[in-house]
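In terms of this note's numbering, the sequence shown opens at residue 40 and continues consecutively.
We put the beta carbon where it would ideally sit given N, CA and C, even for glycine.
The structure appears right after this line, and notes come after that.
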Amino acid sequence: MFVDSADIFVFSGNGGAGGVSFLREKFVIQGGPDGGDGGKGGDVIIEVDPNAHTLANFRGKKHYRAQNGANGAPRNCNGKSGENLIIKVPLGTQILDFDSGEVLADFGENAMRVKLLEGGKGGLGNARFKTARNQAPTHAQKGIPGKELHIRLELKLIADVGLVGYPNVGKSTLISTLSNAKPEIANYEFTTITPHLGVVEVDELHSFVMADIPGIIEGASEGKGLGLRFLKHIERTKFLLFVLDSAREMDICTQYTNLVRELANFSPALSQRNFGIVVSKCDVHTPKLDSLQSLCASHAHTPHFILPISAVTHQGTKELVFALFEALQSNSAQKPLN
Numbered sequence: 040m041f042v043d044s045a046d047i048f049v050f051s052g053n054g055g056a057g058g059v060s061f062l063r064e065k066f067v068i069q070g071g072p073d074g075g076d077g078g079k080g081g082d083v084i085i086e087v088d089p090n091a092h093t094l095a096n097f098r099g100k101k102h103y104r105a106q107n108g109a110n111g112a113p114r115n116c117n118g119k120s121g122e123n124l125i126i127k128v129p130l131g132t133q134i135l136d137f138d139s140g141e142v143l144a145d146f147g148e149n150a151m152r153v154k155l156l157e158g159g160k161g162g163l164g165n166a167r168f169k170t171a172r173n174q175a176p177t178h179a180q181k182g183i184p185g186k187e188l189h190i191r192l193e194l195k196l197i198a199d200v201g202l203v204g205y206p207n208v209g210k211s212t213l214i215s216t217l218s219n220a221k222p223e224i225a226n227y228e229f230t231t232i233t234p235h236l237g238v239v240e241v242d243e244l245h246s247f248v249m250a251d252i253p254g255i256i257e258g259a260s261e262g263k264g265l266g267l268r269f270l271k272h273i274e275r276t277k278f279l280l281f282v283l284d285s286a287r288e289m290d291i292c293t294q295y296t297n298l299v300r301e302l303a304n305f306s307p308a309l310s311q312r313n314f315g316i317v318v319s320k321c322d323v324h325t326p327k328l329d330s331l332q333s334l335c336a337s338h339a340h341t342p343h344f345i346l347p348i349s350a351v352t353h354q355g356t357k358e359l360v361f362a363l364f365e366a367l368q369s370n371s372a373q374k375p376l377n
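Written out as structure tokens, the structure reads:
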């Protein structure tokens with residue numbers, strides 16, 4: 040199951056209490072204090088798991104605790120430090136404060152690890168408080184309590200190319216034709232309800248990752264349909280590919296205008312992302328590209344290419360792969376949004 044959001048409570052370990060003890064040994068009279076220090080509580084650490092692709096592991100458990108530090112012991116033995124809690128997340132995960140929405144960590148591009156919460160410091164044992172005036176201290180410090188935090192995990196898929204289009208325009212068929220992805224394909228709206236990633240092979244040495252995002256409808260940026268939930272996955276893609284349906288009742292110019300508007304409403308920076316356009320199902324309906332080309336030419340931000348294709352008959356798919364690869368190469372210096 041693909042899960043891209045979860046909220047959990049994390050707790051760092053409490054510091055162990057310092058020990059109160061006096062040396063009792065044969066032939067040693069009034070040996071003095073020998074209580075050891077308490078151990079440090081475990082930290083909460085978040086790190087990337089390269090083999091994870093979903094947040095499904097967090098659905099059945101809400102509370103995650105690091106180990107507490109052990110108390111100090113006699114003979115100046117310090118307590119054992121608590122084990123750190125290591126929480127593994129997929130690459131592309133953001134860690135946010137649940138209450139304020141502040142981004143605490145962002146695992147955007149590179150594998151990394153972040154210490155989210157520091158464990159509590161252990162208390163000093165009574166041996167630490169021996170002075171010339173107080174040779175037999177009977178007190179020690181308590182350990183410092185650990186910290187707790189309510190966090191939200193948000194997974195944003197990382198892909199080179201993100202497919203953008205209305206429901207049932209042929210995005211799933213296209214990604215299944217070009218890559219190793221096997222999404223569900225059917226002749227009804229909202230067949231795709233979760234994003235799919237596929238690797239597109241250009242040649243023996245080169246490839247790129249393509250993401251099939253559930254269809255966007257008018258008002259998606261305001262919460263309608265499935266679009267709002269999955270628009271965030273487009274944010275990290277380096278290149279957008281608009282898929283327009285030539286056989287749809289709505290003409291391709293209106294489809295394109297509406298999609299650009301929804302992206303701009305969700306994130307103004309997305310509307311400036313480099314993009315290309317394909318007009319699908321050209322085996323069923325011959326598209327008239329002149330009006331679309333004129334519309335795009337009237338905007339300051341123009342597409343890298345406009346190609347008619349048919350994912351079913353593979354018409355234009357090879358040209359599309361090479362056009363996408365060339366666009367990615369020319370835009371390699373551009374970094375995706377966080």
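Quick one: Cα of residue 361 to Cα of residue 293, how far? Along the sequence shown, one-based indexing puts residue 361 at 322. Along the sequence shown, one-based indexing puts residue 293 at 254. A straight-line Cα-Cα distance of about 27 Å links residue 361 and residue 293.
Rounding to the nearest angstrom, what Cα-Cα distance links residue 124 and residue 244 in this structure? As a working mapping, residue 124 is identified with position 85 in the sequence shown. As a working mapping, residue 244 is identified with position 205 in the sequence shown. So the two alpha carbons sit approximately 40 Å from each other.
If you draw a straight line from the alpha carbon of residue 289 to that of residue 354, how long is it in whole angstroms? What you label residue 289 is simply residue 250 of the sequence shown in a count that begins at 1. What you label residue 354 is simply residue 315 of the sequence shown in a count that begins at 1. Distance between the alpha carbons of residue 289 and residue 354: 23 Å.
Residues sharing a beta bridge with residue 104, DSSP: Counting from 1 along the sequence shown, the entry for residue 104 is found at position 65. Note: residue 104 sits in a beta bridge opposite 50.
Going residue by residue through the segment 176-256, where are the continuous alpha helix (DSSP H) segments of at least 4 residues, counting only ones entirely within it? If we require 4 residues or more, the alpha helix (DSSP H) runs fully inside the segment 176-256 come out as 210-217.
One or two residues paired with residue 325 in a DSSP bridge: Locating residue 325 in the sequence shown gives position 286, counting from the first residue. Answer is none; residue 325 lacks a bridge partner.
Leaving out five residues on either side along the sequence, give the residues of the same chain with a beta carbon under 7 Å from the beta carbon of residue 169. Sequence index remark: in the sequence shown, residue 169 carries index 130 (1-based). 71, 72 and 176.
Please report the residue range of the beta strand (DSSP E) in which residue 152 lies. Looking up residue 152 in the sequence shown gives position 113. Here the beta strand (DSSP E) through residue 152 covers 152-156.
Quick check: residue 45 and residue 192, are their CB atoms within less than 8 Å of each other? What you label residue 45 is simply residue 6 of the sequence shown in a count that begins at 1. What you label residue 192 is simply residue 153 of the sequence shown in a count that begins at 1. The Cβ atoms of residue 45 and residue 192 sit closer than 8 Å to each other.
Would residue 272 pass as a contact of residue 195 if the rule is Cβ separation under 8 Å? Within the sequence shown, numbered from 1, the residue matching residue 272 stands at position 233. Within the sequence shown, numbered from 1, the residue matching residue 195 stands at position 156. Between residue 272 and residue 195, the CB-CB gap stays under 8 Å.
Indicate the three-state DSSP secondary structure (helix, strand or coil) for residue 332 in the structure shown. The residue labelled residue 332 in the question sits at position 293 within the sequence shown. Helix, per DSSP.
Run through the DSSP bridge pairs and tell me what residue 284 is partnered with. On the sequence shown, residue 284 is found 245 positions in, with the first residue counted as 1. Partner(s): 319.
With a 10 Å radius around its C-beta and 16 neighbouring C-beta atoms as the bar for buried, classify residue 329 as buried or exposed. Locating residue 329 in the sequence shown gives position 290, where the first residue counts as 1. Classification for residue 329: exposed.
What residue from 120, 50 and 255 has the CA that sits closest to residue 305's CA? Residue mapping note: residue 305 aligns to position 266 of the sequence shown, counting from 1. Cα-wise, what sits closest to residue 305 is 255.
If you reduce the DSSP assignment to three classes, tell me which class residue 109 lands in. Mapped onto the sequence shown, residue 109 falls at position 70. Note: residue 109 maps to coil in three-state DSSP.
Cβ shell of residue 113 (< 7 Å), same chain only, five flanking positions each side left out: Sequence index remark: in the sequence shown, residue 113 carries index 74 (1-based). Beyond the five residues adjoining it in sequence on each side, residue 113 comes within less than 7 Å, by CB distance, of 58, 60, 73 and 74 in the same chain, given in chain order.
Leaving out five residues on either side along the sequence, give the residues of the same chain with a beta carbon under 6 Å from the beta carbon of residue 78. In the sequence shown, residue 78 corresponds to position 39, counting from 1. Leaving aside the five residues that flank residue 78 on each side, the residues in its chain whose CB is nearer than 6 Å to its CB run, in chain order, 55, 108, 109, 118, 119, 120 and 161.
Throw me the rounded Cβ distance for the residue 189 and residue 138 pair, which I believe falls under 8 Å. Residue 189 sits at position 150 when you count from the first residue of the sequence shown. Residue 138 sits at position 99 when you count from the first residue of the sequence shown. Rounded, the Cβ-Cβ distance is 7 Å, consistent with contact.
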